[in-house]
Ligand SMILES: Nc1ncnc2c1ncn2[C@@H]1O[C@H](COP(=O)(O)OP(=O)(O)OP(=O)(O)O)[C@@H](O)[C@H]1O
Ligand SMILES: [Mg+2]
């Protein structure tokens, strides 16, 4: 099986506080990997090492390797712009720009040098169709994205992410701000997307992890306790702590 | 409702009424004093007359309007880009500690009395324009001449004076753009500069525009500094190095020795100033509304 991302002995510190300890993991191509674990265990921190969003925080220090297609993304000469084009991110709170729906989607492609109107139009249509939003918004592409519902906004954010043609999509609790119906729509969207993209998703929702993911990784206090196929993690985990957490017996 | 809440409510009402009443009273007063000149002399003659010479009974204020507008526009041309650049630097580029120090330095600028700015302009800027800027201009136009007391001097000083307003309000607006936008932009592969110019500044535009409008109000109303450095020549200017007189400056300088008719004319100048500022405010509100969104934050 092809490990799209290989994480080796990753340690991360916020100043003197160690948030990740000796994390080793493979993230497989065109699969959904779910990250679960109690609040504050380092899921978001880990996710943000994969597209180097932690670079924004001054106090962060990182040791270890994150190999994307066998290249270390923390190597000095690694192009961070290319990295983020390749590794897209969807955030917990839908965060469309205060611009029109259309402008939201073409923002990324424009940054990466596409200015041809026709091409941009195509991208908008393709990505909105991919997230099943096209029919709902095709008549109001020039309207502010803020006018959409939360679930629509989140799908727009996914479309915006797809517009730069990433290979990997990182999602940090993408449905935690949404109602159950919108959540289900995003989940079925994930099942479509995984045919083309590698997906890593953080979730607090055990059912969600069980429903959508192929692999599940359980984090606890900055360490990965166990990573395995989701079915195994949920039915027959190796580690007692994993079992306790999944069955809700966790403190 | 508790008794003291009622008292507070009444007090607040009194404050609000007093404030509104004073505005109305001032307006009535200015109009009462000045309106007769406008009707006797003729509105058109007054506003578009090119000769301001009160001793000869000439009350054309076009030169004064041109003077005020030219220094104000000049101040904005210099002040807006500088101010926004400073604001971006303080909120996005500088380290937190540096930004804090610089911010208080900029705010300090706001506390300097305007006469000090004027004095600085008089003793530094005016001679500098005569000695350094003029020779450069003369390379292109041999006939150029200037005393140094000029639109340029006024514009530079006013630009510095409005900088604190523009910088602190814009900085605030940029800093309060939700971090989520910035993260979203960076996560799409935008670099810092693209994120600033395409996301942060546009998202902060209503605040930035407010800051510019406040700055503009300050520039057009400024009196002391411009009296000292613009030369006070009521002539329609031909270039940046010409001397001008402004609406405010003229009122301040001439009121003391004005004959009754002249005095009325000066009040009429006040009316014009008043109307210009009202129009600016209206225009400002209109732009903010059209840009949509948080006009009132
Ligand atoms: N910018 C930061 N500076 C210092 N410490 C931080 C920072 N961000 C996170 N931490 C700490 O790192 C640890 C992991 O945080 P992280 O946000 O990754 O947890 P999480 O698993 O995503 O939690 P949640 O499920 O609540 O989102 C926490 O103890 C947190 O307090
Ligand atoms: Mg988190």
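Residue numbers (my numbering), protein chains in the order written: chain Z, -5 to 245; chain A, 224 to 520. Beta carbons are placed, not taken as given, at the ideal position from N, Cα and C, and that holds for glycine.
task = Pull out every residue of the stretch 305 to 339 of chain A whose Cβ sits closer than 8 Å to any Cβ of chain Z, in chain order.
result = none
task = Please look up how many angstroms separate the CB atoms of residue 41 of chain Z and residue 214 of chain Z, rounded, as I've assumed it's under 8 Å.
result = Within the first chain, residue 41 of chain Z is the residue found at index 47, counting from 1. Within the first chain, residue 214 of chain Z is the residue found at index 220, counting from 1. With 8 Å as the limit, residue 41 of chain Z and residue 214 of chain Z do not qualify as a contact, their Cβ atoms being about 16 Å apart.
query = Out of A:364, A:396, A:350, which has the shortest C-alpha to C-alpha gap to residue 375 of chain A?
reply = As a working note, residue 375 of chain A is residue 152 in the second chain. Comparing alpha-carbon positions, the option among A:364, A:396, A:350 lying closest to residue 375 of chain A turns out to be A:350.
query = Between residue 321 of chain A and residue 1 of chain Z, what straight-line distance do the alpha-carbon atoms span, to the nearest angstrom?
reply = Sequence index remark: in the second chain, residue 321 of chain A carries index 98 (1-based). Sequence index remark: in the first chain, residue 1 of chain Z carries index 7 (1-based). Going from the Cα of residue 321 of chain A to the Cα of residue 1 of chain Z covers about 37 Å.
Neighbour flag for residue 430 of chain A against chain Z, beta carbons, 9 Å = To locate residue 430 of chain A, count along the second chain from 1; it is residue 207. Chain Z contact via Cβ: absent.
Residue 282 of chain A, DSSP secondary structure in three states = In the second chain, the residue the question calls residue 282 of chain A occupies position 59. In this structure, DSSP gives residue 282 of chain A an extended state, which the three-state scheme calls strand.
key: Whole alpha helix (DSSP H) elements within the stretch 241 to 326 of chain A, 4-residue minimum   = 266 to 271, 285 to 311
query = Does DSSP classify residue 171 of chain Z as helix, strand or coil?
reply = Working through the first chain from its first residue, we reach residue 171 of chain Z at position 177. If DSSP states are grouped into helix, strand and coil, residue 171 of chain Z belongs with coil.
task = Leaving out five residues on either side along the sequence, give the residues of the same chain with a beta carbon under 8 Å from the beta carbon of residue -4 of chain Z.
result = Residue -4 of chain Z sits at position 2 when you count from the first residue of the first chain. Only 22, 23 meet the Cβ criterion.
message = I want to check one thing, is the minimum distance from the CB of residue 167 of chain Z to the heavy atoms of ligand 2 below 8 Å?
response = Position 173 of the first chain, counting from 1, holds the residue named residue 167 of chain Z. It does: the Cβ of residue 167 of chain Z is within 8 Å (strictly closer) of some heavy atom of ligand 2.
ask   = Which one of A:492, A:435, A:510, A:415 has the shortest CA to CA distance from residue 390 of chain A?
value = Working through the second chain from its first residue, we reach residue 390 of chain A at position 167. Closest option to residue 390 of chain A, Cα to Cα, is A:435.
query = Residue range of the alpha helix (DSSP H) that residue 124 of chain Z falls in?
reply = Walking along the first chain from the start, residue 124 of chain Z turns up at place 130. Where residue 124 of chain Z is concerned, the enclosing alpha helix (DSSP H) stretches over 111 to 124.
Segment contact, 8 Å Cβ cut-off, at least three pairs: the stretch 438 to 445 of chain A with the stretch 374 to 388 of chain A = yes
ask   = What's the C-alpha gap between residue 143 of chain Z and residue 422 of chain A?
value = Residue numbering aside, residue 143 of chain Z sits at position 149 when the first chain is read from its first letter. Residue numbering aside, residue 422 of chain A sits at position 199 when the second chain is read from its first letter. So the two alpha carbons sit approximately 22 Å from each other.
ask   = Looking at residue 114 of chain Z and residue 100 of chain Z, is the spacing between their C-beta atoms short of 9 Å?
value = By 1-based counting over the first chain, the position of residue 100 of chain Z is 106. By 1-based counting over the first chain, the position of residue 114 of chain Z is 120. A contact, by the Cβ cut-off of 9 Å.
key: Proximity to residue 329 of chain A [Cα-Cα], best of A:467, A:392, A:354, A:297   = Taking the first residue of the second chain as position 1, residue 329 of chain A is located at position 106. Selected option, being the one with the closest Cα: A:392.
key: Contact set for residue 178 of chain Z: own chain, Cβ-Cβ below 6 Å, skip 5 residues either direction   = Working through the first chain from its first residue, we reach residue 178 of chain Z at position 184. If we look at residue 178 of chain Z and ignore the five residues flanking it on each side, it has no Cβ neighbours.
key: Burial state of residue 182 of chain Z (16 or more Cβ within 10 Å)   = Along the first chain, one-based indexing puts residue 182 of chain Z at 188. For residue 182 of chain Z, the number of other beta carbons within 10 angstroms of its own is below 16, and it is reported as exposed.
ask   = For a contact meaning CB atoms closer than 7 Å, what does residue 45 of chain Z contact in chain A?
value = Translated into the one-based positions of the first chain, residue 45 of chain Z becomes position 51. Result: 410.
request  = Report the three-state DSSP secondary structure of residue 223 of chain Z (helix, strand or coil).
outcome  = Counted from its first residue, the first chain places residue 223 of chain Z at position 229. If DSSP states are grouped into helix, strand and coil, residue 223 of chain Z belongs with the strands.
message = Could you give the first and the last residue of the continuous alpha helix (DSSP H) run that contains residue 415 of chain A?
response = Start at 1 with the first residue of the second chain, and residue 415 of chain A comes out as number 192. Where residue 415 of chain A is concerned, the enclosing alpha helix (DSSP H) stretches over 415 to 418.
request  = Taking only heavy atoms of ligand 2 into account, decide whether any of them is closer than 8 Å to the Cβ of residue 211 of chain Z.
outcome  = Here residue 211 of chain Z corresponds to residue number 217 of the first chain, with the count starting at 1. No; taking the cut-off as 8 Å, the Cβ of residue 211 of chain Z has no heavy atom of ligand 2 nearer than that.
ask   = Out of A:475, A:432, A:462, which has the shortest C-alpha to C-alpha gap to residue 451 of chain A?
value = By 1-based counting over the second chain, the position of residue 451 of chain A is 228. Closest option to residue 451 of chain A, judged by alpha-carbon separation, among A:475, A:432, A:462: A:475.
message = So, with DSSP's three-state summary, where would you put residue 140 of chain Z?
response = Numbered from its first residue, the first chain carries residue 140 of chain Z at position 146. It is helical.
ask   = Is residue 37 of chain Z near ligand 2, with its Cβ less than 8 Å from a heavy atom?
value = Counting from 1 along the first chain, the entry for residue 37 of chain Z is found at position 43. At least one heavy atom of ligand 2 is nearer than 8 Å to the Cβ of residue 37 of chain Z, so yes.
ask   = According to DSSP, what are the bridge partners of residue 28 of chain Z?
value = Taking the first residue of the first chain as position 1, residue 28 of chain Z is located at position 34. Z:195, Z:210, per the DSSP bridge assignment.
inquiry  = Counting only Cβ pairs nearer than 8 Å, list the residues of chain A close to residue 91 of chain Z.
reply    = Looking up residue 91 of chain Z in the first chain gives position 97. Ordered by position in chain A, the residues that pass the 8 Å Cβ test against residue 91 of chain Z are 404, 407, 408, 422, 426.
task = Determine contact between the stretch 459 to 475 of chain A and the stretch 308 to 319 of chain A, defined as no fewer than three beta-carbon pairs at a distance below 8 Å.
result = no
task = For residue 15 of chain Z, name the three-state secondary structure that DSSP assigns.
result = Your numbering for residue 15 of chain Z matches position 21 in the first chain. Residue 15 of chain Z: strand per DSSP, three-state reduction.
request  = With hydrogens ignored, establish whether the beta-carbon of residue 338 of chain A is closer than 8 Å to any heavy atom of ligand 1.
outcome  = By one-based count along the second chain, residue 338 of chain A stands at place 115. Taking non-hydrogen atoms of ligand 1 into account, the C-beta of residue 338 of chain A is found less than 8 Å away from none of them.
query = Nearest chain A C-beta to residue 82 of chain Z closer than 9 Å, yes or no?
reply = Stepping through the first chain from its first residue, residue 82 of chain Z is reached at position 88. Cβ-Cβ to chain A under 9 Å: yes for residue 82 of chain Z.
task = For the beta strand (DSSP E) containing residue 376 of chain A, list its first residue and its last residue.
result = Within the second chain, the letter at position 153 stands for residue 376 of chain A. From DSSP, residue 376 of chain A is part of no beta strand (DSSP E) but of the alpha helix (DSSP H) over 374 to 398.
key: Residue(s) in a DSSP beta bridge with residue 62 of chain Z   = The residue you call residue 62 of chain Z lines up with position 68 of the first chain. Answer is Z:-1, Z:65, bridged to residue 62 of chain Z.
inquiry  = Which residues of the stretch 86 to 110 of chain Z have a Cβ closer than 7 Å to any Cβ of chain A? Give them in chain order.
reply    = 87, 89, 91, 92, 101, 102, 105, 106
request  = Answer with yes or no whether the minimum CB distance from residue 51 of chain Z to chain A is below 9 Å.
outcome  = Translated into positions along the first chain, residue 51 of chain Z becomes position 57. No, because no Cβ of chain A sits closer than 9 Å to the Cβ of residue 51 of chain Z.
ask   = Do you know how far the Cα of residue 288 of chain A is from the Cα of residue 506 of chain A?
value = Translated into the one-based positions of the second chain, residue 506 of chain A becomes position 283. Translated into the one-based positions of the second chain, residue 288 of chain A becomes position 65. Whole-angstrom Cα-Cα distance: 18 Å.
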